[in-house]
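Undergrad:
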Amino acid sequence: MDLKLDRRTFFKTGVGAGLVLAAPHIARAAGPLTLRWGHYAQEDHPAHVAAKQFAANVEQRTGGAVKINIFPNNVLGGPQEQAQQVKLGTIDMGLPTQGQLDKFERAFATVMLPFVFDGPDHVFRVLDGPAQEWMAPLAERQGFVVLRSWDYGFRNVTNSIRPINTPDDMKGLSVRTPPELQIQASMEALGAVVHAIAFPELYLALSQKVVDGQENPVAVTYFNKFYEVQKHLAITRHVYNSMVHVISAASWKRLTPDQQAIFREESASSANLMRKQIAADETGQIEKIAAAGIQVTKPDLAPFRAKMGPAYTRIAAYCGEANVKKFQEIADSCRTS
19 MDLKLDRRTF FKTGVGAGLV LAAPHIARAA GPLTLRWGHY AQEDHPAHVA AKQFAANVEQ
79 RTGGAVKINI FPNNVLGGPQ EQAQQVKLGT IDMGLPTQGQ LDKFERAFAT VMLPFVFDGP
139 DHVFRVLDGP AQEWMAPLAE RQGFVVLRSW DYGFRNVTNS IRPINTPDDM KGLSVRTPPE
199 LQIQASMEAL GAVVHAIAFP ELYLALSQKV VDGQENPVAV TYFNKFYEVQ KHLAITRHVY
259 NSMVHVISAA SWKRLTPDQQ AIFREESASS ANLMRKQIAA DETGQIEKIA AAGIQVTKPD
319 LAPFRAKMGP AYTRIAAYCG EANVKKFQEI ADSCRTS
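My numbering applies: residue 19 is where the sequence shown begins, and numbers increase by one.
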């Protein structure tokens, strides 16, 4: 005997009504949307502190509908690998630098032009305003939705040979840099010899004097204790790095418009937290590095900036002269004097 229910009988028997009433329960049973977020920072770094704030606030403001699992300290792969995973949607969010994003869209290379910024306030006016308006659509074409530029800091040189007070003091120093043209070009324009060493191997390389020095933001030098195997820190501020909070375009589409608005608002809030913490911490970190026996110098940067012609030529060849010119115009438009 075949059991066939027409539409009227279906609802009369209560079967249909029961399923309709159960539907909200079925939807809830599916659970929250859980996103995976990988980044580079150690758990005590301001980036991770800010990431935890973002995750907690998103979960609270979405009523638990969106949960975020954070994987710090490059446990999901190196920074460039994580950026590729975000592009592919293998992981949902990341904090790549512009140097990692420029492998997908070369306009991002311009953010790391040597000595292009006057200081942190100038940086944030540029990156929160016209630079994001220009670059965000370019990033989305490559599979990244830019939520906000966070922070990382200005890069500074350490070495074990001599104090750095003039560009001539850089000549002949062997310096480890990441594989990013802008940083390599700035060091080579000053006469340094650039070496590529994986970041996890850098402390050992410095301790064994495989290279004379390295360059990173103060927070990175401090948290990784590079001051234990170096003698000099120069506040050169030659290149600015920002971690860019991005979400995979595929993951972005899984969020409701209200959730997307929450993500943007909370990313901006966490960016401000990270920026304030890095600024507040840097002075103390420099003092602690000096107390550990490191000689700290603060050279006049004008002579260093004057040496950057060859670096700008190389960067323009990589990312396009028009892009370099556009970013310089944006930077100039955001100066207060």
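Don't be surprised by glycine CBs; every beta carbon is placed ideally from N, CA and C.
Skipping 5 residues on each side, what residues in its chain have a beta carbon closer than 6 Å to that of V342?
TA: The residue given as residue 342 occupies position 324 in the sequence shown. Result list for V342: T128 and A334, in chain order.
Undergrad: Opposite R194 in the DSSP bridges: which residues?
TA: Sequence index remark: in the sequence shown, residue 194 carries index 176 (1-based). Beta-bridge pairing links R194 to H213 and Q232.
Undergrad: Using CA atoms only, rank isn't needed, just tell me which of P321, A279, R272 and K85 is closest to D187.
TA: Sequence index remark: in the sequence shown, residue 187 carries index 169 (1-based). Nearest option by C-alpha distance: P321.
Undergrad: In angstroms with no decimal places, state the Cα-to-Cα distance between G96 and F89.
TA: Indexing the sequence shown from 1 puts residue 96 at position 78. Indexing the sequence shown from 1 puts residue 89 at position 71. Taking the straight line from one Cα to the other gives about 12 Å.
Undergrad: To the nearest angstrom, how far is the alpha carbon of F126 from that of Q160?
TA: In the sequence shown, residue 126 corresponds to position 108, counting from 1. In the sequence shown, residue 160 corresponds to position 142, counting from 1. Each residue's alpha carbon lies about 12 Å from the other.
Undergrad: If you pair each beta-carbon of the segment 96-113 with each one of the segment 259-270, do three or more pairs fall below 8 Å?
TA: Taking 8 Å as the limit for Cβ pairs, the verdict is that the segment 259-270 does touch the segment 96-113.
Undergrad: Within the continuous beta strand (DSSP E) that includes A334, where are the two ends?
TA: In the sequence shown, counting from the first residue as 1, residue 334 sits at position 316. Looking at the DSSP string, A334 is not in any beta strand (DSSP E); the run it does join, the alpha helix (DSSP H), is G327 to C337.
Undergrad: So within the segment 62-101, which uninterrupted beta strand (DSSP E) runs reach at least 3 residues, ignoring any that extend past its ends?
TA: Fully enclosed beta strand (DSSP E) runs of 3 or longer: 84-89.
Undergrad: Which parts of the segment 262-318 are runs of the beta strand (DSSP E), unbroken and 3 residues or longer, counting only runs that do not cross its ends?
TA: Entirely contained in the segment 262-318, the beta strand (DSSP E) runs reaching 3 residues are, in chain order, 262-266 and 313-315.
Undergrad: Using a 10 Å radius around the Cβ and a threshold of 16 neighbouring Cβ atoms, would you call D20 buried or exposed?
TA: Stepping through the sequence shown from its first residue, residue 20 is reached at position 2. Low confidence applies to D20: its pLDDT is 40, below 50, so where it sits in the model is not reliable, and the reading given next is rough at best. Exposed.
Undergrad: In angstroms with no decimal places, state the Cα-to-Cα distance between V104 and L291.
TA: Residue 104 sits at position 86 when you count from the first residue of the sequence shown. Residue 291 sits at position 273 when you count from the first residue of the sequence shown. Distance between the alpha carbons of V104 and L291: 24 Å.
Undergrad: Please report the Cβ distance between L224 and V238, rounded to the nearest whole angstrom; I am assuming they are in contact, meaning their Cβ atoms lie under 8 Å.
TA: For this step, residue 224 is matched to residue 206 along the sequence shown. For this step, residue 238 is matched to residue 220 along the sequence shown. Contact flag wrong, Cβ pair sits at about 13 Å.
Undergrad: Does DSSP put T128 in a helix, in a strand, or in coil?
TA: Residue numbering aside, residue 128 sits at position 110 when the sequence shown is read from its first letter. Helix.
Undergrad: CB-CB under 6 Å to Q100, same chain, minus the five flanking residues each way: which ones, in chain order?
TA: Reading the sequence shown from its first residue, position 82 is the one you call residue 100. Result list for Q100: G56, L94 and G112, in chain order.
Undergrad: If the criterion is Cβ atoms closer than 8 Å, does the pair D230 and N177 meet it?
TA: Translated into the one-based positions of the sequence shown, residue 230 becomes position 212. Translated into the one-based positions of the sequence shown, residue 177 becomes position 159. Result yes, Cβ atoms of D230 and N177 sit closer than 8 Å.
Undergrad: Please name the residue, chosen from A69, L319 and S288, that lies closest to H256 on a Cα-to-Cα basis.
TA: Counted from its first residue, the sequence shown places residue 256 at position 238. That would be L319, whose Cα lies nearest to the Cα of H256.
Undergrad: Is it the case that the Cβ atoms of L191 and A207 are separated by a distance below 8 Å?
TA: As a position in the sequence shown, residue 191 is number 173, starting the count at 1. As a position in the sequence shown, residue 207 is number 189, starting the count at 1. No, they are not a contact pair.
Undergrad: Under the three-state reduction of DSSP, which class applies to G117: helix, strand or coil?
TA: As a working mapping, residue 117 is identified with position 99 in the sequence shown. Here G117 sits in helix by DSSP.
Undergrad: Can you name the residues that DSSP bridges to M111?
TA: Reading the sequence shown from its first residue, position 93 is the one you call residue 111. Partner(s): W55 and I265.
Undergrad: Quick check on L145: does DSSP put it in helix, strand or coil?
TA: Looking up residue 145 in the sequence shown gives position 127. Here L145 sits in helix by DSSP.
Undergrad: Which of the three DSSP states is assigned to Y245 in this structure?
TA: Taking the sequence shown and counting its residues from 1, the one referred to as residue 245 is at position 227. It is helical.
Undergrad: Using only the alpha-carbon positions, how far apart do H66 and E284 sit?
TA: Here residue 66 is taken as the residue at index 48 of the sequence shown, counted from 1. Here residue 284 is taken as the residue at index 266 of the sequence shown, counted from 1. Those two C-alpha atoms are separated by around 14 Å.
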